[in-house]
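Per the UniProt record's numbering, the very first residue in the sequence shown carries number 1; after that it's consecutive.
Okay, structure first, notes after.
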Amino acid sequence: MPLPEPASAAGRRRRGGRSGTTGEGSSSCGRRWSSRPKGRGYGDGGKPKRREAAAAAAFGRRELDSSHGGRLAFHGGMLTRSSISIAKVLRCEYAVRGEVAIHAQHLQQQLQTQPGSLPFDEIVYCNIGNPQSLGQKPITFFREVLALCNHPNLLEREEIKSLFSTDAIARAKKILSMIPGRATGAYSHSQGIKGLRDEIAAGIASRDGFPANADDIFLTNGASPGVHMMMQLLIRNNRDGIMCPIPQYSLYSASLALHGGALVPYYLDESSGWGLEVSKLKNQLEDARSKGITVRALVVINPGNPTGQILDEQQQYELVKFCKDEELVLLADEVYQENIYVTNKKINSFKKIARSMGYNGDDLQLVSLHSVSKGYYGECGKRGGYMEVTGFSTPVREQLYKIASVNLCSNITGQILASLIMDPPKAGDASYDLYEEERDNILKSLSRRAKAMESAFNSIDGITCNKTEGAMYLFPRIYLPQKAIEAARAVNKAPDVFYALRLLDTTGIVVTPGSGFGQVAGTWHVRCTILPQEEKIPSMISRFREFHEEFMSQYRD
Numbered sequence: 001m002p003l004p005e006p007a008s009a010a011g012r013r014r015r016g017g018r019s020g021t022t023g024e025g026s027s028s029c030g031r032r033w034s035s036r037p038k039g040r041g042y043g044d045g046g047k048p049k050r051r052e053a054a055a056a057a058a059f060g061r062r063e064l065d066s067s068h069g070g071r072l073a074f075h076g077g078m079l080t081r082s083s084i085s086i087a088k089v090l091r092c093e094y095a096v097r098g099e100v101a102i103h104a105q106h107l108q109q110q111l112q113t114q115p116g117s118l119p120f121d122e123i124v125y126c127n128i129g130n131p132q133s134l135g136q137k138p139i140t141f142f143r144e145v146l147a148l149c150n151h152p153n154l155l156e157r158e159e160i161k162s163l164f165s166t167d168a169i170a171r172a173k174k175i176l177s178m179i180p181g182r183a184t185g186a187y188s189h190s191q192g193i194k195g196l197r198d199e200i201a202a203g204i205a206s207r208d209g210f211p212a213n214a215d216d217i218f219l220t221n222g223a224s225p226g227v228h229m230m231m232q233l234l235i236r237n238n239r240d241g242i243m244c245p246i247p248q249y250s251l252y253s254a255s256l257a258l259h260g261g262a263l264v265p266y267y268l269d270e271s272s273g274w275g276l277e278v279s280k281l282k283n284q285l286e287d288a289r290s291k292g293i294t295v296r297a298l299v300v301i302n303p304g305n306p307t308g309q310i311l312d313e314q315q316q317y318e319l320v321k322f323c324k325d326e327e328l329v330l331l332a333d334e335v336y337q338e339n340i341y342v343t344n345k346k347i348n349s350f351k352k353i354a355r356s357m358g359y360n361g362d363d364l365q366l367v368s369l370h371s372v373s374k375g376y377y378g379e380c381g382k383r384g385g386y387m388e389v390t391g392f393s394t395p396v397r398e399q400l401y402k403i404a405s406v407n408l409c410s411n412i413t414g415q416i417l418a419s420l421i422m423d424p425p426k427a428g429d430a431s432y433d434l435y436e437e438e439r440d441n442i443l444k445s446l447s448r449r450a451k452a453m454e455s456a457f458n459s460i461d462g463i464t465c466n467k468t469e470g471a472m473y474l475f476p477r478i479y480l481p482q483k484a485i486e487a488a489r490a491v492n493k494a495p496d497v498f499y500a501l502r503l504l505d506t507t508g509i510v511v512t513p514g515s516g517f518g519q520v521a522g523t524w525h526v527r528c529t530i531l532p533q534e535e536k537i538p539s540m541i542s543r544f545r546e547f548h549e550e551f552m553s554q555y556r557d
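Written as structure tokens, this is what we have:
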């Protein structure tokens, strides 16, 4: 259903309604709860526990509570593991930075302090879409503009004409003229610098062929904060749900856990290349509603993460109509819109699709997300992105702005980059030839890597892998023997986590277990980026193959 006017929610809170924000001492369901863990020593006459607590007082009132699995228990206002909001924070899992990635960091430190102590000499991070960490070079024009904006005194020097392209100099001057005080170290408007939002709106209009308004754009530190902002607006309690694809990017499941909402899954079909049957969405929606879940929005990731498929136009039309008919907010994750590796499909933004169907802001509430971290730019560390919000009433937009203002503003470097990716050099500009060469080389290389790794995975016995049409990942299925599954469960690990940890310890290759993204019960996958440099892929695949064959031999049924 569309976002309600904030006044109605406020009224429920004043009346003590359960659907409003719960007060202190309440769970997200409105139940009262004690701030002290239950168990011996907390009011049941357990003398040993009281003695332990008294002893712990000498150490800053900490206590190791064996009834909570060795976690530090809660005393007064101190923050310990057992005093954290268990229903939210402790349930939040972000797979790409989870157990496997943390173990990889420990091994990285070991390699640095004890060279030669492991059966490999480097860690290959294939767990996260972080292009520049694996050798991708930044786009020269973008970095020249950033350098001049961040050090504007350079513009006063005569020698810059031989060091920087003329259009980069002109663009930097234009951008600085938009910034009060020409200071990239100062706060900006909470939605982002108006002139930069104008540039982005013009870029969206050029891409889609339909008008865009700078007032609809919120500049963010990457796309992720936009997702969290929308979850804050959408999720009132644990009976509010968001429809998400399975497999899904774990940002969505993690943010739903943090904000106390329900994930309503709709499954992609692996047998048809991670296809989507829009007709099945209705069944999932009705099932959730029958369980008392108020479904508020639908998430679509196009191209897919972790699955790499691209929706065809007809599917997009059907999804837009579905959201309109069911009064759902459409959350369109389009951060990989530049990463296309097939010629028989193209990317259309959901806004373009909606407008081409004749739907305007009165018909559909749409949030479109984009980021500087992906595409051919890969500027993950610069933390730039935006969300375009259309179809929302003025009172709702005021609340969205309030959330943005609490964070003051996104970083200015990221804001500048967001404007640059939507308004790159054009034919005839001094930087255009180099820009076009850099962009095309990166995208062509990514396409070759996707094909090479897909072919390699499909050549390994016990692994199948669908074609990667876009984005930055492969999501191969691993057919694990029952003995391996039992061995994993014996050490309290999901089978694909067990497999990924063994892969890491043996080869130094870091992948993300499929269980972190969701998968059909009884199937096991890993997500692997296509980002290792081309010259390293043969040796990486060779190590992967050797490990897999030994693993399967060890656990063969």
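Beta carbons: idealized from backbone N, C-alpha and C, even for Gly.
For residue j and residue i, the rounded distance between their alpha carbons
{"i": "Asp557", "j": "His548", "result": "15 Å"}
{"i": "Arg527", "j": "Tyr499", "result": "12 Å"}
{"i": "Val145", "j": "Ile403", "result": "30 Å"}
{"i": "Glu24", "j": "Asp333", "result": "Any answer about Glu24 is weak, because its pLDDT of 34 lies below 50 and its placement is not dependable; what the coordinates show is given next. Spanning the two alpha carbons is a distance of roughly 34 Å."}
{"i": "Lys194", "j": "Glu156", "result": "25 Å"}
{"i": "residue 623", "j": "Ser165", "result": "Past the boundaries of the shown model lies residue 623; the chain is included only from 1 to 557, so the question cannot be answered."}
{"i": "Phe551", "j": "Met540", "result": "16 Å"}
{"i": "Ile128", "j": "Thr464", "result": "21 Å"}
{"i": "Val300", "j": "Leu331", "result": "6 Å"}
{"i": "Pro119", "j": "Arg239", "result": "49 Å"}
{"i": "Tyr555", "j": "Gln105", "result": "28 Å"}
{"i": "Gln316", "j": "Ser349", "result": "9 Å"}
{"i": "Ala487", "j": "Ser419", "result": "51 Å"}
{"i": "Glu327", "j": "Ile242", "result": "13 Å"}
{"i": "Ala494", "j": "His525", "result": "11 Å"}
{"i": "Val520", "j": "Ile478", "result": "13 Å"}
{"i": "Ile353", "j": "Tyr376", "result": "24 Å"}
{"i": "Gln284", "j": "Pro247", "result": "15 Å"}
{"i": "Leu64", "j": "Gly98", "result": "Residue placement at Leu64 is flagged as unreliable, the pLDDT there being 34, under the threshold of 50; the coordinate-derived value follows with that caveat. Those two C-alpha atoms are separated by around 25 Å."}
{"i": "Asp496", "j": "Gln132", "result": "27 Å"}
{"i": "Asp518", "j": "Ala450", "result": "With the sequence shown as reference, residue 518 is identified as Gly, and Asp is not the correct amino acid for it. Cα to Cα, the separation comes out at about 22 Å."}
{"i": "Tyr252", "j": "Ala297", "result": "12 Å"}
{"i": "Ser410", "j": "Met178", "result": "16 Å"}
{"i": "Glu286", "j": "Gln365", "result": "20 Å"}
Beta-bridge pairing of residue i - partner residues as DSSP gives them
{"i": "Tyr555", "result": "Note: Tyr555 sits in no beta bridge, so no partner."}
{"i": "Phe218", "result": "Met387"}
{"i": "Ile340", "result": "Gly470"}
{"i": "Arg527", "result": "Thr512"}
{"i": "Ser125", "result": "Ser is not the amino acid found at residue 125; the sequence shown has Tyr there. In DSSP, Tyr125 forms a bridge with Val510."}
Exposed unless 16 or more other CB atoms sit within 10 angstroms - verdict on residue i
{"i": "Thr413", "result": "buried"}
{"i": "Asn339", "result": "buried"}
{"i": "Pro180", "result": "exposed"}
{"i": "Gly292", "result": "exposed"}
{"i": "Thr220", "result": "buried"}
{"i": "Arg355", "result": "buried"}
{"i": "Pro513", "result": "buried"}
{"i": "His151", "result": "exposed"}
{"i": "Val491", "result": "exposed"}
{"i": "Thr529", "result": "buried"}
{"i": "Lys161", "result": "exposed"}
{"i": "Asp215", "result": "exposed"}
{"i": "Lys483", "result": "exposed"}
{"i": "Tyr125", "result": "buried"}
{"i": "Gly192", "result": "buried"}
{"i": "Asn237", "result": "buried"}
{"i": "Pro538", "result": "exposed"}
{"i": "Leu163", "result": "exposed"}
{"i": "Trp33", "result": "Its pLDDT being 33, under 50, Trp33 is placed unreliably in this model, and the coordinates cannot settle the point."}
{"i": "Leu309", "result": "Reading off the sequence, residue 309 comes out as Gln, not Leu. Burial call: buried."}
{"i": "Glu534", "result": "exposed"}
{"i": "Lys351", "result": "buried"}
Proximity test, Cβ basis, 9 Å: residue i and chain C
{"i": "Thr523", "result": "The displayed structure is made up of one protein chain only, and chain C is not part of it."}
Mind the definition here: the region 384 to 394 touches the region 161 to 175 only if three or more C-beta pairs lie below 8 Å; say whether that holds.
no
Pairing CB atoms from the region 418 to 433 with CB atoms from the region 252 to 268, are three or more of them under 8 Å?
In the pairwise beta carbon analysis, the region 418 to 433 is classified as not touching the region 252 to 268: fewer than three pairs are separated by under 8 Å.
Enumerated in chain order, which unbroken segments of the beta strand (DSSP E) with a length of 3 residues or greater are wholly contained in the region 239 to 317?
Whole beta strand (DSSP E) segments, 3+ residues: 240 to 246, 262 to 267 and 294 to 301.
Within the region 423 to 509, note down every full alpha helix (DSSP H) run reaching 4 residues or more, in order along the chain.
Positions of the alpha helix (DSSP H) runs, each at least 4 residues long and wholly inside the region 423 to 509, are given as 432 to 458, 482 to 490 and 495 to 507 in order along the chain.
For the region 299 to 317 against the region 468 to 487, do three or more pairs of beta-carbon atoms, one drawn from each stretch, fall closer than 8 Å, so that the two count as touching?
Contact between the region 299 to 317 and the region 468 to 487 is present: 3 or more CB-CB pairs across the two stretches fall below 8 Å.
Just list the alpha helix (DSSP H) runs in the region 127 to 195, keeping only unbroken ones of 4 residues or longer that don't cross its boundaries, in chain order.
At a cut-off of 4 residues, the continuous stretches assigned as alpha helix (DSSP H) that sit fully inside the region 127 to 195 are 140 to 150, 160 to 163 and 166 to 178.
Is the region 504 to 515 touching the region 452 to 468, taking contact as three or more C-beta pairs under 8 Å?
Not touching, per the Cβ criterion.
Within 8 Å, do at least three Cβ pairs link the region 108 to 118 to the region 389 to 407?
no
Any 3 or more C-beta pairs closer than 8 Å across the region 426 to 440 and the region 128 to 139
yes
Does the region 196 to 209 touch the region 223 to 234, meaning 3 or more C-beta pairs lie closer than 8 Å?
The region 223 to 234, when compared against the region 196 to 209, does not touch it at the 8 Å Cβ threshold.
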